[in-house]
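Q: Residue numbers (the numbering used here): 84 to 441.
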Amino acid sequence: MSDIENLERDLIAKVDAADDEAAVEAVRVAALGKKGAVSERMKTLGKMSPEERKEMGPALNGLKTRVAAAIEAKKAALEEIALEARLASEKVDVTLPIKPVSNGKIHPVSQVFEEMIAIFSAMGFDVAEGPDIEDDFHNFTALNFPADHPAREMHDTFFFEPKEDDSRMLLRTHTSPVQIRTMMTQKPPIRIIIPGRTFRCDSDQTHTPMFHQVEGLVIDKQTHMGHLKGTLEAFAKAFFEVDNVKTRFRPHFFPFTEPSAEMDIGYERVGNEIRMGEGEKWMEILGCGMVHANVLKHCGLDPDEYQGFAFGMGVDRLAMLKYGIPDLRDFFAADARWLEHYGFDPLDQPNLATGLSR
Ligand code: DAH
Numbered sequence: 084m085s086d087i088e089n090l091e092r093d094l095i096a097k098v099d100a101a102d103d104e105a106a107v108e109a110v111r112v113a114a115l116g117k118k119g120a121v122s123e124r125m126k127t128l129g130k131m132s133p134e135e136r137k138e139m140g141p142a143l144n145g146l147k148t149r150v151a152a153a154i155e156a157k158k159a160a161l162e163e164i165a166l167e168a169r170l171a172s173e174k175v176d177v178t179l180p181i182k183p184v185s186n187g188k189i190h191p192v193s194q195v196f197e198e199m200i201a202i203f204s205a206m207g208f209d210v211a212e213g214p215d216i217e218d219d220f221h222n223f224t225a226l227n228f229p230a231d232h233p234a235r236e237m238h239d240t241f242f243f244e245p246k247e248d249d250s251r252m253l254l255r256t257h258t259s260p261v262q263i264r265t266m267m268t269q270k271p272p273i274r275i276i277i278p279g280r281t282f283r284c285d286s287d288q289t290h291t292p293m294f295h296q297v298e299g300l301v302i303d304k305q306t307h308m309g310h311l312k313g314t315l316e317a318f319a320k321a322f323f324e325v326d327n328v329k330t331r332f333r334p335h336f337f338p339f340t341e342p343s344a345e346m347d348i349g350y351e352r353v354g355n356e357i358r359m360g361e362g363e364k365w366m367e368i369l370g371c372g373m374v375h376a377n378v379l380k381h382c383g384l385d386p387d388e389y390q391g392f393a394f395g396m397g398v399d400r401l402a403m404l405k406y407g408i409p410d411l412r413d414f415f416a417a418d419a420r421w422l423e424h425y426g427f428d429p430l431d432q433p434n435l436a437t438g439l440s441r
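1. If we ignore side chains and look at the alpha-carbon of each, how far apart do Ala225 and His295 end up?
2. Could you tell me which residues DSSP puts in a beta bridge with Arg333?
3. Decide if Thr240 is buried, meaning its Cβ has at least 16 other Cβ atoms within 10 Å, or exposed.
4. CB Glu212 to CB Gly299, shorter than 8 Å?
5. Given the structure, does His221 come close to ligand 1, in the sense that its CB is under 7 Å from one of the ligand's heavy atoms?
6. How about the region 369-387 and the region 329-346: do they share at least three Cβ pairs that are nearer than 8 Å?
7. For Leu254, which residues does DSSP report across the bridge?
8. Beta carbon of Leu161, beta carbon of Val121: below 8 Å?
9. In chain order, what residues place their C-beta within less than 6 Å of a heavy atom belonging to ligand 1?
10. Looking at Met266: is its Cβ nearer than 8 Å to the Cβ of Phe392?
11. If you draw a straight line from the alpha carbon of Gly438 to that of Asp249, how long is it in whole angstroms?
12. Whole angstroms is fine: what's the gap from Thr306's alpha carbon to Lys182's?
13. Could you check where the alpha helix (DSSP H) with Gly116 kicks off and where it finishes?
14. Does the separation of the CB atoms of Ala321 and Leu435 fall below 8 Å?
15. Closer than 7 Å by C-beta to Gly187: which residues in its own chain qualify, once you throw out the five before and the five after it? Chain order, please.
16. Specify whether the region 396-414 and the region 195-204 touch according to this definition: at least 3 beta carbon pairs, one from each stretch, less than 8 Å apart.
17. Please report the Cβ distance between Val301 and Val398, rounded to the nearest whole angstrom; I am assuming they are in contact, meaning their Cβ atoms lie under 8 Å.
18. Can you check the region 132-218 for any alpha helix (DSSP H) of at least 4 residues that lies completely inside it and give the ranges in chain order?
19. Determine the direct distance from the alpha carbon of Ser185 to that of Val33, and round the result to whole angstroms.
20. Give the single residue among Lys312, Gln262, Pro272, Ile189 whose Cα lies nearest to the Cα of Asp303.
21. Name, in chain order, the residues that DSSP records as bridge partners for Pro278.
22. For Arg283 and Thr256, which I take to be in contact (beta-carbon distance under 8 Å), what is that distance rounded to the nearest angstrom?
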């Protein structure tokens with residue numbers, strides 16, 4: 084009996100001392116393996132007398148069960164320790180600051196849209212949008228382009244296939260149709276800018292079939308040309324980020340405004356650089372005017388009660404001028420190196436308080 088007790092004490096001590104899985108396994112083989120100490124003793128049961136076996140059988144079975152349980156418990160404990168160690172070594176401190184990563188860049192057109200929205204929203208304008216696919220009424224007729232008027236030819240329009248009633252949808256040639264959509268659904272006072280894509284069949288260094296415009300519209304009871312000039316001059320200063328901008332309004336023709344004008348701003352060329360604001364040269368940057376009475380009437384507004392101004396400008400061209408980008412076609416070439424060079428940091432949101440561009 085004491086032999087069995089000694090063996091048990093010895094085996095349990097070995098299990099306790101084992102400090103890795105391999106050591107536990109070695110103890111298991113030495114005790115419970117085919118030729119292990121416990122197994123060898125079990126084999127002797129067959130040769131015993133029935134009385135002896137009655138006594139030794141349960142004793143040896145008890146020994147085997149307890150040693151096996153001790154081994155299993157030790158294995159589980161070691162696995163637990165290994166798991167704890169792995170979790171500790173893989174711990175991540177989510178409160179640490181991130182490593183600098185390349186964020187991608189904001190396209191100059193998106194940047195300039197954001198800059199314009201920042202400038203005009205500070206003056207109390209809302210942003211309005213409309214569909215790229217328009218009908219003839221919103222793109223032309225309501226804007227006072229008479230049927231067959233040559234002004235329609237000014238826009239090299241992309242038309243869709245004629246419908247059953249012979250009418251054709253088109254890709255809007257300017258953002259002006261959103262003026263119509265807004266005046267037909269909102270009561271004045273209206274103060275909106277309309278950023279968006281526009282389309283004309285044209286392509287060279289300064290024209291692409293798809294380009295971008297920002298349109299402006301203000302309708303109220305007493306809005307006049309002085310408000311128009313003040314608004315656009317404030318815009319030009321803020322946009323080019325200079326204290327003074329020389330502007331000049333030249334008479335022009337647009338069907339949807341009367342009178343109509345183009346606004347030029349002064350600039351000078353210093354070496355390869357174009358400096359906007361001062362100088363002896365003039366550059367045209369937008370079209371504008373007082374909304375034509377016929378346009379108001381088409382939208383159900385009484386021209387004796389309401390009046391206002393509108394303007395429209397090419398965003399791509401303004402982006403080229405402000406950021407010195409020579410070829411418009413590169414804007415749409417989806418070249419990652421170009422974007423890396425001319426693009427903007429997405430974390431720098433344009434705003435008037437900290438600066439539009441950095
Ligand atoms: N729609 C004109 C164009 O694309 C630009 C324009 C000129 C818009 C004068 C206006 C405006 O609202 O008053 O050429």
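Ideal Cβ positions, reconstructed from N, Cα and C, are used throughout, including at glycine.
This structure is a prediction, so every number in the text was calculated from the model and none was measured.
A: In terms of the structure at hand:
1. Looking up residue 225 in the sequence shown gives position 142. Looking up residue 295 in the sequence shown gives position 212. Distance between the alpha carbons of Ala225 and His295: 21 Å.
2. Taking the first residue of the sequence shown as 1, we reach residue 333 at position 250. DSSP lists Glu345 as partners of Arg333.
3. Within the sequence shown, the letter at position 157 stands for residue 240. It is buried - the Cβ of Thr240 has at least 16 other Cβ atoms within 10 Å.
4. Reading the sequence shown from its first residue, position 129 is the one you call residue 212. Reading the sequence shown from its first residue, position 216 is the one you call residue 299. Not in contact: Glu212 and Gly299 (Cβ atoms no closer than 8 Å).
5. For the purposes of this step, residue 221 is taken as residue 138 along the sequence shown, with counting starting at 1. No, ligand 1 has no heavy atom inside 7 Å of this Cβ.
6. yes
7. Taking the sequence shown and counting its residues from 1, one reaches residue 254 at position 171. Bridge partners of Leu254: Ile216.
8. Your numbering for residue 161 matches position 78 in the sequence shown. Your numbering for residue 121 matches position 38 in the sequence shown. For Leu161 and Val121, no; Cβs fall outside 8 Å.
9. His257, Ser259, Glu298, Phe337, Thr340, Gly370, Cys371, Gly372, Ala393, Phe394, Gly395
10. Locating residue 266 in the sequence shown gives position 183, where the first residue counts as 1. Locating residue 392 in the sequence shown gives position 309, where the first residue counts as 1. No, the pair does not count as a contact, with Cβ atoms beyond the cut-off.
11. The residue labelled residue 438 in the question sits at position 355 within the sequence shown. The residue labelled residue 249 in the question sits at position 166 within the sequence shown. CA-to-CA, the gap between Gly438 and Asp249 works out to about 51 Å.
12. As a working note, residue 306 is residue 223 in the sequence shown. As a working note, residue 182 is residue 99 in the sequence shown. Each residue's alpha carbon lies about 53 Å from the other.
13. As a working mapping, residue 116 is identified with position 33 in the sequence shown. For Gly116, there is no enclosing alpha helix (DSSP H), as DSSP marks it with neither H nor E.
14. Here residue 321 corresponds to residue number 238 of the sequence shown, with the count starting at 1. Here residue 435 corresponds to residue number 352 of the sequence shown, with the count starting at 1. Yes, these two residues count as a Cβ contact at 8 Å.
15. The sequence position of residue 187 within the sequence shown is 104, counting from 1. Excluding positions up to five away in sequence, the list reads Pro429.
16. yes
17. Translated into the one-based positions of the sequence shown, residue 301 becomes position 218. Translated into the one-based positions of the sequence shown, residue 398 becomes position 315. Not confirmed; about 19 Å, so no contact.
18. For the region 132-218, whole alpha helix (DSSP H) runs of length 4 or above, ordered along the chain, are 133-172, 191-205.
19. Any answer about residue 33 is impossible in this case: the structure gives the chain only from 84 up to 441.
20. Your numbering for residue 303 matches position 220 in the sequence shown. Nearest C-alpha to Asp303: Pro272.
21. As a position in the sequence shown, residue 278 is number 195, starting the count at 1. Note: Pro278 sits in a beta bridge opposite Val297.
22. Your numbering for residue 283 matches position 200 in the sequence shown. Your numbering for residue 256 matches position 173 in the sequence shown. With a Cβ gap of about 5 Å, Arg283 and Thr256 count as contacting.
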